[in-house]
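Per my numbering: the sequence shown = residues 18 to 208. We put the beta carbon where it would ideally sit given N, CA and C, even for glycine.
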Amino acid sequence: MLRQKIFLVSFVLVVLALVFFGCSSGGGSNNGGGDNNGNGGGNNGDGFDFSVYIGRWKSVDLKPAIEITVQSQIGGGDSYLYYKGKTTCSIFNAGYVNITDSDDDLLGDKFILAHKTTIGDTITDTFHVRAREEYEDELLGTLANELLVDGFLSDANTLRVENLEMSRQETGFSYTFDSEGEGDYLLFTKQ
18 MLRQKIFLVS
28 FVLVVLALVF
38 FGCSSGGGSN
48 NGGGDNNGNG
58 GGNNGDGFDF
68 SVYIGRWKSV
78 DLKPAIEITV
88 QSQIGGGDSY
98 LYYKGKTTCS
108 IFNAGYVNIT
118 DSDDDLLGDK
128 FILAHKTTIG
138 DTITDTFHVR
148 AREEYEDELL
158 GTLANELLVD
168 GFLSDANTLR
178 VENLEMSRQE
188 TGFSYTFDSE
198 GEGDYLLFTK
208 Q
């Protein structure tokens with residue numbers, strides 16, 4: 018739990034620094050299209066297509082399985098967007114947690130966030146999901162089930178996850194994955 022809090026605080030500080038101070042040095046195109054060749058749309062005019070995240074992402078060879086449904090944009094700025102959607106996993110009481118229009122806060126219990134930075138001519142993107150539910154148990158008090166996913170797109174249909182944490186407090190189930198570096202990722206594929 019301490020590791021999870023340290024990770025979340027570190028993540029929040031990095032994103033806040035990027036949001037407030039920016040990290041764009043130009044270098045992106047103003048083609049108005051989805052990729053750097055002008056294909057597609059929804060790129061905020063700099064060659065980065067945030068719409069590539071929209072869809073259903075399923076974990077590959079992970080137990081319990083996770084599905085993240087990314088729907089429409091609900092907030093954000095030039096370098097980051099929040100989305101509404103749904104996370105589906107057996108750790109949750111109903112089997113899923115909805116992420117709604119009001120879930121656009123990095124410090125909140127639920128969010129789907131896409132973030133991009135431009136360093137020179139290179140655009141780097143990251144993808145973050147947090148889904149947390151709390152509920153009352155007569156004997157144990159307030160319990161929580163939580164899923165955290167941090168990764169990046171390797172292509173339009175593959176999400177490489179560098180960090181993943183999931184837990185179900187009632188049963189004591191906990192799973193943590195931290196990438197050891199290049200080639201060591203969990204995969205999610207777009208359906």
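In three-state terms, what does DSSP make of residue i?
i: asparagine 47; result: Note on asparagine 47: pLDDT 33, under 50, position unreliable in the model; the coordinate value appears next. It is coil, neither helix nor strand.
i: valine 77; result: coil
i: phenylalanine 250; result: The chain is shown only over 18 to 208; residue 250 falls outside these bounds and no answer can be derived.
i: glycine 72; result: strand
i: alanine 82; result: coil
i: glycine 62; result: No answer about glycine 62 holds up, because its pLDDT of 49 lies below 50 and its placement is not dependable.
i: glycine 200; result: coil
i: serine 107; result: coil
i: aspartate 195; result: strand
i: aspartate 172; result: strand
i: aspartate 142; result: strand
i: serine 89; result: strand
Report the CB separation of residue i from residue j in whole angstroms; it is logged as a contact under 8 Å.
i: leucine 130; j: leucine 123; result: 7 Å
i: phenylalanine 205; j: valine 77; result: 7 Å
i: glycine 102; j: threonine 86; result: 5 Å
Mark residue i as exposed unless 16 or more other C-beta atoms lie within 10 angstroms of its C-beta, in which case mark it buried.
i: isoleucine 136; result: exposed
i: leucine 98; result: buried
i: phenylalanine 190; result: exposed
Going by DSSP, which residues form a beta bridge with residue i?
i: glycine 112; result: Looking at the DSSP assignment, glycine 112 forms no beta bridge with any residue, so it has no partner.
i: glycine 158; result: Asp154
*asked:* Between the stretch 151-170 and the stretch 182-190, can you find at least three pairs of beta-carbon atoms closer than 8 Å?
replied: In short, these stretches touch, since the Cβ pair count reaches three.
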